[in-house]
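Beneath this line is the structure, given in structure tokens, with notes to follow.
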Amino acid sequence: MIRKNKLPEVEPVHLKPINGIRPGVFILIGIIIIILAAFFILCVLPGLVSKNSYVRFSIPTSDTAIYMDGVYLGSSEGSIYRIPSGEHEFSFTISGADAGSIGARIPRRIFFTLFSHKPAVISFNPENSIEIESTVRERFVSSIASRSKVLTYSERYNYPPLFQSFAKNAAVLGFDDISAEWLYGMMHITSETIYADYLAAREILLGSSTGFESEESLALDARLSALFSSAEESTGSDSTSYTLSSPRYSDGFYLFDDSSITMGGKRSLSYPEINESSVTIDVPAFSIAAHPVSEYEYALFVDENPYWSASNREKLIEDGMVDENYLKGTALSVSVISTRPVRNISVHAAEAYCRWLSEKTGNEYSLPTEAQWYRAALSASDKPYSTSLVVVDNDLSSPSGMMGQLWEFTSTPYIPLSRISDYETAIELGKSYPYDDAVVKGGSYLNALDEITIDTVGAMPKNMCSETAGFRVVRK
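Sequential numbering of the sequence shown, starting at 1, is according to full-length UniProt numbering.
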């Protein structure tokens, strides 16, 4: 059995009052001071030190840029901005067009700014104007033409919802009718990403008063559904056998009578295979040059138009007329007659040449349309593919070098889905909205013979210059 030891009695410890105040009160006061100090440091001091506040903008339109006191702040797409408190002037642009401005006082928050960034909300409801509507329409068609060149988008290279932005702005701003731009945009749906954007935008417009559908767009909508379905389908018809009149040769040109031709044939309903899908088109009478424009002929043009000289290349590039390859490797001379076809020129340069030739001769010259080029190439279908830059052709029954030699510019804009749309409507829309590449035809001497046919459709930016591309002219 353990024996319990008795502990000695001790005197209890009593803290002495300080200035008559009990120590427990001092401890309580200390705790309160610590709590208040922590509250001040964490919940008040940041608000006193900072001169900034958070704001968010409520704007119903898309593609809206915000400027604060004349300096770009950001876009309207749901972002929160940290800006100095006080009076500010906010101005707005929609697709680059001035949409108005408002003044606003941004209050300075003091409490809990370290933990809560609740923004002040600034609302702005823009009103439509001629400038805004015109700019929104142009921004959409130019952007969709550019973005249609990319067939696969990713997180690294993402696609902005062009159709949805356009539809939202048209609906909010009350555009009466956007059917032309809508159809043009549909003709540039080249990927599933753009197609999904189109479908979402269509739902926006169906709930608005803005007109956007037409007979052509409804027909194309059905083709798009088939194009982006998993079913394997084809489009177009089998190649057509032609009985066409032979051209008549006169003074370096071949005259073709009125005719109806079918370009292309039966192809898989997929992009870009549909570039060669069949389309039948009437071709009014025209005359086309026997040969591409030569270095000597182009030298005469440059001699009278120094703006287009190689020495002015930097200015031409700045103006968007050519690229850095303009006239490189080409020695132009008005004293030495060179029959070699001119290369490393752009569509813009070729069009300028046609205008100069028209003014000089009094006749109307231009680049051939795709259909005119195709009609001329049909007449030369028995001629071999030209595998050299210089073509020796003693057969005067049809133009020379239609296949091979150089890719040839046409005046036809490259509209990706023109062959499964109304082709002629597509071309007219392309002329109204000059943002597309130009169709080029025929291949060049560097292409493999089994790669290029009369139906092959190429495309080139209008300022691009290539060693393997040139042009010939047509005369009305």
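Positions of the beta carbon are idealized from the N, C-alpha and C atoms, including for glycine. Quick caveat: nothing in here was measured; it's all calculated off a predicted structure.
The region 332 to 347 makes contact with the region 460 to 472, as at least three CB pairs between them are under 8 Å. Between P306 and V474, the C-beta gap is not smaller than 9 Å, which leaves the two residues out of contact. Between E364 and I66, the alpha-carbon positions lie close to 49 Å from each other. If you check the CB distance, G401 and P292 come in under 9 Å. The beta-carbon separation of L173 and T280, rounded to 40 Å, does not stay under the 8 Å limit for a contact. Judged by their CB atoms, T425 and L183 are nearer to each other than the 9 Å cut-off.
Contact between the region 97 to 106 and the region 120 to 140 is present: three or more C-beta pairs spanning the two stretches fall below 8 Å. Counting the other CB atoms within 10 Å of its CB gives S246 a total below 16, which places it among the exposed residues.
Per the DSSP secondary-structure output, R56 pairs in a beta bridge with I80, V121.
Shown here for L429: same chain residues with a beta carbon closer than 6 Å to its own, the five before and five after excluded, namely Y184 in chain order. If you draw a 10 Å sphere on the C-beta of P284, you find fewer than 16 other C-beta atoms in it, and that means exposed.
Assignment of beta-bridge partners to S270 by DSSP yields no partner. Following the DSSP letters along the chain, one finds R313 inside the alpha helix (DSSP H) bounded by residues 313 to 318.
With contact defined as three or more Cβ pairs closer than 8 Å, the region 301 to 319 and the region 262 to 272 are not in contact. Around the beta carbon of N125, fewer than 16 other beta carbons lie within 10 angstroms, which makes this residue exposed. A check of alpha carbon separations from S208 across S237, I178, S217 identifies I178 as the nearest. Partner residues in a beta bridge of A448, as assigned by DSSP, do not exist. For the 9 Å CB-CB criterion, I288 and R472 form a contact.
The DSSP-derived three-state label of P341 is strand.
Taking C-beta separations shorter than 6 Å and ignoring five residues to either side along the sequence, the partners of D422 in its chain run E216, following chain order.
Judged by DSSP in its simplified three-state form, Y72 adopts strand. A straight-line Cα-Cα distance of about 7 Å links A377 and M403. Runs of the beta strand (DSSP E) spanning 3 or more residues and lying entirely within the UniProt domain "Sulfatase-modifying factor enzyme-like" (277 to 382) occur at 279 to 283, 286 to 289, in chain order.
The residues Y365, in chain order, have a CB closer than 6 Å to that of L357 in the same chain once the five nearest residues on each side in sequence are set aside. Going by DSSP, S142 is part of the alpha helix (DSSP H) stretching over 130 to 147. Between the region 319 to 339 and the region 429 to 449, the count of C-beta pairs closer than 8 Å stays below three; the two stretches do not touch.
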